[in-house]
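First the structure, in the form of structure tokens, and then the observations on it.
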Amino acid sequence: MSTPAEEAKPLAKKKKKVPFDYSPYIRGGKLPHIWCPGCGHGIVLKSLLRAVHASGTSQNDVAMVSGIGCSSRTPGYVDFNTLHTLHGRAITYATGLKMANPKLKVLVITGDGDALAIGGNHFIHACRRNLDLTILVYNNFTYGMTSGQTSPTTTQGKISTTGRHGNIDPPFDTCTLAKAAGATYVARGTAYHFQELEKIIFDAFMHKGTSVVDIIDACPTYYGKYNKYASATDMMEQLEKDGTVSVKQAEKLTPEELEGKLLRGVLHRSERPEYSEEYGKLVTSLQSKK
Amino acid sequence: MATNKKRFMQGNEACAEGAFYAGCTFFAGYPITPSTEVMEISSSRLPKTGGVFIQMEDEIASICAITGASLGGRKSMTATSGPGFSLMQEGLGFACMAEVPIVIINVMRSGPSTGFPTGPSQSDVMQAKWGTHGDHPAIVLIPASVEEIFYETIRAFNLAEIYRTPVIVLYDEIIGHMREAVTIPQPGEVEVVNRVKPTCAPSEYKPYDTTLGDIAPLAAYGEGYRFHVTGLYHGADGFPTNNTKLIEEAGQRLVRKVEDNKERIWKNEEYFLDDAEIGIFAYGVSARSAKFAVRELRKKGIKAGLLRPLTIWPFPDSAVDALAERVKTIIVPEMNLGQIVHEVERVARGRCEVKGIFRVDTEPIKPAQIIEKILGNGPMPSAPVSPTDSNMSEMLIERDMLDG
Amino acid sequence: MSYRYELRFTGSGGQGIITAGIILAEAASIYDGKKAVQSQAYGPESRGGASRAEVIISDEDIDYPKATSIDAMLALTQEGYTKFHKDVKSGGIILIDSDEVKDVPRGDFKVYAFPIIATAANVLGKVITANIISLGLITELTKIVSHDAIEKAVLSRVPAAFLELNKKALHTGFEKGATLAPLS
Numbered sequence: 001m002s003t004p005a006e007e008a009k010p011l012a013k014k015k016k017k018v019p020f021d022y023s024p025y026i027r028g029g030k031l032p033h034i035w036c037p038g039c040g041h042g043i044v045l046k047s048l049l050r051a052v053h054a055s056g057t058s059q060n061d062v063a064m065v066s067g068i069g070c071s072s073r074t075p076g077y078v079d080f081n082t083l084h085t086l087h088g089r090a091i092t093y094a095t096g097l098k099m100a101n102p103k104l105k106v107l108v109i110t111g112d113g114d115a116l117a118i119g120g121n122h123f124i125h126a127c128r129r130n131l132d133l134t135i136l137v138y139n140n141f142t143y144g145m146t147s148g149q150t151s152p153t154t155t156q157g158k159i160s161t162t163g164r165h166g167n168i169d170p171p172f173d174t175c176t177l178a179k180a181a182g183a184t185y186v187a188r189g190t191a192y193h194f195q196e197l198e199k200i201i202f203d204a205f206m207h208k209g210t211s212v213v214d215i216i217d218a219c220p221t222y223y224g225k226y227n228k229y230a231s232a233t234d235m236m237e238q239l240e241k242d243g244t245v246s247v248k249q250a251e252k253l254t255p256e257e258l259e260g261k262l263l264r265g266v267l268h269r270s271e272r273p274e275y276s277e278e279y280g281k282l283v284t285s286l287q288s289k290k
Numbered sequence: 291m292a293t294n295k296k297r298f299m300q301g302n303e304a305c306a307e308g309a310f311y312a313g314c315t316f317f318a319g320y321p322i323t324p325s326t327e328v329m330e331i332s333s334s335r336l337p338k339t340g341g342v343f344i345q346m347e348d349e350i351a352s353i354c355a356i357t358g359a360s361l362g363g364r365k366s367m368t369a370t371s372g373p374g375f376s377l378m379q380e381g382l383g384f385a386c387m388a389e390v391p392i393v394i395i396n397v398m399r400s401g402p403s404t405g406f407p408t409g410p411s412q413s414d415v416m417q418a419k420w421g422t423h424g425d426h427p428a429i430v431l432i433p434a435s436v437e438e439i440f441y442e443t444i445r446a447f448n449l450a451e452i453y454r455t456p457v458i459v460l461y462d463e464i465i466g467h468m469r470e471a472v473t474i475p476q477p478g479e480v481e482v483v484n485r486v487k488p489t490c491a492p493s494e495y496k497p498y499d500t501t502l503g504d505i506a507p508l509a510a511y512g513e514g515y516r517f518h519v520t521g522l523y524h525g526a527d528g529f530p531t532n533n534t535k536l537i538e539e540a541g542q543r544l545v546r547k548v549e550d551n552k553e554r555i556w557k558n559e560e561y562f563l564d565d566a567e568i569g570i571f572a573y574g575v576s577a578r579s580a581k582f583a584v585r586e587l588r589k590k591g592i593k594a595g596l597l598r599p600l601t602i603w604p605f606p607d608s609a610v611d612a613l614a615e616r617v618k619t620i621i622v623p624e625m626n627l628g629q630i631v632h633e634v635e636r637v638a639r640g641r642c643e644v645k646g647i648f649r650v651d652t653e654p655i656k657p658a659q660i661i662e663k664i665l666g667n668g669p670m671p672s673a674p675v676s677p678t679d680s681n682m683s684e685m686l687i688e689r690d691m692l693d694g
Numbered sequence: 695m696s697y698r699y700e701l702r703f704t705g706s707g708g709q710g711i712i713t714a715g716i717i718l719a720e721a722a723s724i725y726d727g728k729k730a731v732q733s734q735a736y737g738p739e740s741r742g743g744a745s746r747a748e749v750i751i752s753d754e755d756i757d758y759p760k761a762t763s764i765d766a767m768l769a770l771t772q773e774g775y776t777k778f779h780k781d782v783k784s785g786g787i788i789l790i791d792s793d794e795v796k797d798v799p800r801g802d803f804k805v806y807a808f809p810i811i812a813t814a815a816n817v818l819g820k821v822i823t824a825n826i827i828s829l830g831l832i833t834e835l836t837k838i839v840s841h842d843a844i845e846k847a848v849l850s851r852v853p854a855a856f857l858e859l860n861k862k863a864l865h866t867g868f869e870k871g872a873t874l875a876p877l878s
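Residue numbers (my numbering), protein chains in the order written: chain A, 1 to 290; chain B, 291 to 694; chain C, 695 to 878.
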């Protein structure tokens with residue numbers, strides 16, 4: 001369990017500036033990655049690998065399952081048991097794999113379109129079951145792989161290739177949705193706050209049950225360009241740095257000051273029986289009746 | 291060895307029993323008439339035997355979950371019917387592309403759309419082959435009795451494991467809900483095949499390595515072989531490629547691994563075919579009508595015979611070719627508006643007449659319909675001709691009656 | 695010589711028509727050592743709506759699983775009788791519920807009438823035993839399965855708490871069937 005004070009103290013600082021060696025986790029010959037200059041996915045990947053490393057989990061026991069989209073290319077670069085599946089379906093493959101072998105720690109890498117539009121039904125049902133999956137939603141507010149269409153998290157009024165006159169669709173809040181559907185660990189981080197993100201991913205990974213992390217990681221190539229941010233860093237500062245406040249900071253702010261800001265940090269945490277353990281108990285009780 | 295007990299059971303029950311016999315330890319599904327009993331029985335049995343049962347939120351999730359579970363090392367299956375089978379098509383293509391063994395049961399009901407949920411049909415025979423996009427291998431088995439569902443489900447698992455590909459078992463609602471006696475064999479009596487696992491060092495493992503043949507060994511996630519699987523075209527190491535030469539090779543091999551082994555996958559029953567002048571090509575419940583018709587026609591001296599495929603895909607070209615070579619007419623009765631008849635016509639290449647008997651009213655093809663088609667066909671001018679189904683059967687079916 | 699004996703049970707969903715078909719086929723197949731196939735047709739609903747079960751019994755493998763020319767039929771509803779009585783073969787028999795089936799067009803078959811549902815409700819105290827009473831009657835009228843086989847099949851399919859009730863229902867059917875005369 002982490003306290004807000006610990007959250008503010010990222011793991012990396014404890015390691016006294018010994019550079020982290022990513023190479024055991026990166027598959028030889030698979031870089032460079034496909035992500036655009038200015039995209040935060042590489043930053044998120046670093047936080048992710050440091051968090052998995054901190055957990056002490058053997059690479060043989062980690063499975064990474066993704067759907068379709070920019071973020072879903074992540075499994076191709078990392079040396080785990082990796083499965084790159086269909087658009088929207090990562091969670092369902094991950095569910096089958098986790099139930100087939102509950103010893104595996106299963107990470108789901110997905111995006112806002114993948115998880116919340118085409119895969120929305122799977123997303124809420126995974127949260128409902130509380131199966132031990134760590135679902136990382138790389139939220140870039142758009143479909144980056146297919147060049148910038150409106151996604152379920154596109155802010156109203158923003159421009160996209162399918163919302164050329166400004167988006168009129170109300171967006172989903174990933175975290176509110178996850179909490180309502182029953183996820184037992186819900187948090188938000190950003191690529192900008194990468195040290196805080198590492199801590200959040202570590203917590204999510206260690207949490208037993210369905211954990212969802214909404215990672216704000218805007219797309220400079222399409223979302224940034226169409227919405228006239230001066231540069232990738234300008235967009236990152238506006239959306240990720242200034243557009244969010246930590247849960248702790250938020251306590252001191254008025255509702256007016258919080259208007260339009262996304263909360264960062266652990267937004268919900270609860271204890272509920274984990275699905276694969278419950279299934280295991282069912283098996284044990286039935287087999288003892290024989 | 292214990293005596294094998296004869297049990298009176300439903301087709302869907304025989305399917306579940308066949309799956310358990312074959313070593314299936316994972317079922318994910320979504321309820322749908324008329325296949326739900328397979329799921330219900332799995333939900334009861336699998337937790338008791340240490341297997342996994344999970345009810346998913348829809349059929350898309352179901353086929354994806356069994357694919358994930360198969361990559362986790364378990365023999366996995368789902369069961370569905372028309373609407374659910376339609377939803378599964380993308381996941382089916384993924385399992386073909388990623389070469390993951392899974393078994394899909396489709397208990398065919400009336401369609402399109404919701405159709406008549408409790409009404410039988412045979413109208414998914416083409417979808418089973420062509421439903422998912424892109425060129426891909428298809429192995430589809432089509433049993434015609436309750437006992438055959440048991441054995442063909444075992445065979446489906448064996449073929450899936452051998453060829454690292456999805457295998458579909460298709461049967462109509464009539465066979466699925468019908469009850470007949472089945473004698474369940476003891477463990478070991480029927481061959482059960484398990485996928486080939488890699489023996490190389492994990493660092494050497496390539497999940498699509500074809501240096502030793504078209505089908506590479508398949509490791510399970512969590513065994514130390516950390517490999518990559520994707521629905522993108524990929525090279526031997528499993529990683530995506532846009533090399534057109536590799537894509538061509540991979541596409542060709544995917545189809546070839548089944549095509550080159552079709553003699554091993556084909557399975558046909560021949561009934562009175564040796565001297566037949568009229569051949570009937572029928573599958574599933576329609577083949578049972580055809581058998582009845584053949585016996586009645588033989589009593590009338592008409593040389594009719596039946597060719598019944600138990601493997602509908604790959605299509606039994608050589609058996610149909612041999613039939614077309616020696617009969618004057620091939621009759622193809624189907625509970626659809628003409629699907630497999632076109633395959634028969636393709637193979638017959640005009641060497642004999644090919645005539646279909648089709649219906650989609652959810653009633654089975656009546657034996658009398660087949661008899662009438664053949665009698666109306668000319669070879670026996672003296673044979674009775676009857677205008678309707680019901681009096682036709684009464685006229686032709688002569689049986690010794692029991693007392694009472 | 696080989697034989698093929700066809701039965702069709704008709705009623706409405708919830709009357710246990712399909713269960714009765716299963717029990718009869720199981721009696722023939724498992725307990726009498728004959729070949730049997732049981733099939734059914736029903737609507738999407740579990741209750742109400744027309745349902746029918748068919749049983750084919752033979753001494754050899756049965757190919758076509760559906761009735762072609764019916765030897766014996768049970769009709770617990772008027773709809774079942776009206777719709778299907780024409781499929782009964784010459785010399786065949788039809789058992790009807792005398793309260794439910796009032797309009798009884800005749801043909802070249804014997805019709806037996808008995809207040810099956812009323813007997814289930816009033817004598818056995820449970821209307822759901824109508825299907826088992828019917829099985830007793832049908833067994834007695836057709837002799838297509840042995841008393842022993844049908845009793846074993848009934849008892850293997852009903853919950854333990856209802857064994858006696860169902861046994862009584864079956865025997866009620868046997869007794870009434872033995873003295874039942876066809877409508878003239």
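Here a beta-carbon is modelled for each residue, glycine too, at the ideal position from N, C-alpha and C. If you're wondering where the values come from, they're calculated on a predicted model, not measured in any experiment.
- Reference G76 (chain A); option with closest CA among A:H125, A:F141, A:W35: A:W35
- Message: Check whether the segment 475–484 of chain B and the segment 561–580 of chain B are in contact - that is, three or more C-beta pairs closer than 8 Å.
- Response: no
- Hey, out of B:F529, B:G503, B:N396, whose CA is closest to G29 (chain A)'s CA? B:F529
- Message: Between which residues of its own chain and L536 (chain B) is the CB-CB distance below 6 Å, once the five residues before and five after are set aside?
- Response: G525
- Query: I think E240 (chain A) touches A218 (chain A), with their Cβ atoms under 8 Å apart; what is that distance to the nearest whole Å?
  - Reply: 7 Å
- Assuming G381 (chain B) contacts L83 (chain A) under a Cβ cut-off of 8 Å, what Cβ separation, rounded to an integer in Å, is found between them? The pair is not a contact, with the Cβ atoms about 13 Å apart (cut-off 8 Å).
- Task: Name the two residues that bound the continuous alpha helix (DSSP H) containing I464 (chain B).
- Result: 463–467
- Query: Opposite I711 (chain C) in the DSSP bridges: which residues?
  - Reply: Paired residue(s): none; I711 (chain C) is not in a bridge.
- Message: For S151 (chain A), which residues in the same chain have their Cβ closer than 7 Å to its Cβ, ignoring the five residues on either side in sequence?
- Response: D112, G113, A117, F141, T142, Y143
- Message: Here's the rule: buried if 16 or more other CB atoms are within 10 angstroms of the residue's CB, otherwise exposed. What is H165 (chain A)?
- Response: exposed
- Closer than 8 Å, CB to CB, is K281 (chain A) near chain B or not? no
- Query: What residues are listed by DSSP as bridge partners for P623 (chain B)?
  - Reply: B:I647
- Query: Does any residue of chain B bring its CB to less than 8 Å from the CB of V731 (chain C)?
  - Reply: yes
- Kindly give me the distance between the Cβ atoms of L449 (chain B) and I555 (chain B), rounded to whole angstroms, as I take these residues to be in contact under 8 Å. 6 Å
- Query: So, using beta-carbon positions, are C127 (chain A) and A63 (chain A) closer together than 8 Å?
  - Reply: no
- So which residues of chain A does D607 (chain B) contact, with C-beta pairs closer than 9 Å? None at all; the shortest Cβ gap to chain A is about 32 Å.
- Query: In whole angstroms, what is the alpha-carbon distance linking V622 (chain B) and Q300 (chain B)?
  - Reply: 27 Å
- Item | Chain-ordered chain C contacts of R739 (chain B) [CB-CB under 7 Å] | Because chain B spans 291 through 694 in this model, residue 739 (chain B) falls outside it and cannot be assessed.
- Item | A491 (chain B) beta carbon less than 8 Å from that of D499 (chain B) | no
- Query: In the structure shown, what three-state DSSP assignment does F868 (chain C) receive?
  - Reply: helix
- Give the interface partners of D79 (chain A) over in chain B, defined as CB-CB distance under 8 Å, in chain order. R516
- Item | C-beta atoms of P654 (chain B) and V575 (chain B) nearer than 8 Å | yes
- Query: By how many angstroms is the C-alpha of M378 (chain B) removed from the C-alpha of P456 (chain B)?
  - Reply: 12 Å
- Which whole runs of the alpha helix (DSSP H) in the segment 743–811 of chain C are 4 residues long or more, in chain order? 772–778
- Item | C-alpha gap between P853 (chain C) and A719 (chain C), whole angstroms | 19 Å
- First and last residue of the beta strand (DSSP E) that includes G595 (chain B)? 594–599
- Item | chain F residues whose Cβ lies nearer than 7 Å to that of S840 (chain C) | Absent from the structure is chain F; the protein chains it does hold are A, B and C.
- Going along the chain, which residues of its own chain have a beta-carbon closer than 6 Å to the beta-carbon of K593 (chain B), five neighbours each way excluded? D565, A566, E567
- Message: Starting from G144 (chain A), trace the alpha helix (DSSP H) in both directions and tell me its first and last residue.
- Response: No alpha helix (DSSP H) contains G144 (chain A), which DSSP labels as neither H nor E.
- Query: Whose C-beta lies closer than 6 Å to the C-beta of C175 (chain A) among residues of the same chain, with five residues either side of it excluded?
  - Reply: V186, R188, D214, L267
- Short CB-CB distance (under 8 Å) between N121 (chain A) and chain B: yes
- Can you give me the start and stop residues for the alpha helix (DSSP H) that L48 (chain A) sits inside? 41–55
- E720 (chain C) touches chain B at which residues, Cβ-Cβ below 8 Å? F298, R469
- Exposure label - S270 (chain A); buried when at least 16 CB within 10 Å: exposed
- Task: Using a Cβ-Cβ cut-off of 8 Å, state whether N302 (chain B) counts as contacting chain C.
- Result: no
- Got a sec: which bits of the segment 133–163 of chain A sit with their beta carbon under 9 Å from any beta carbon on chain B, in order along the chain? none
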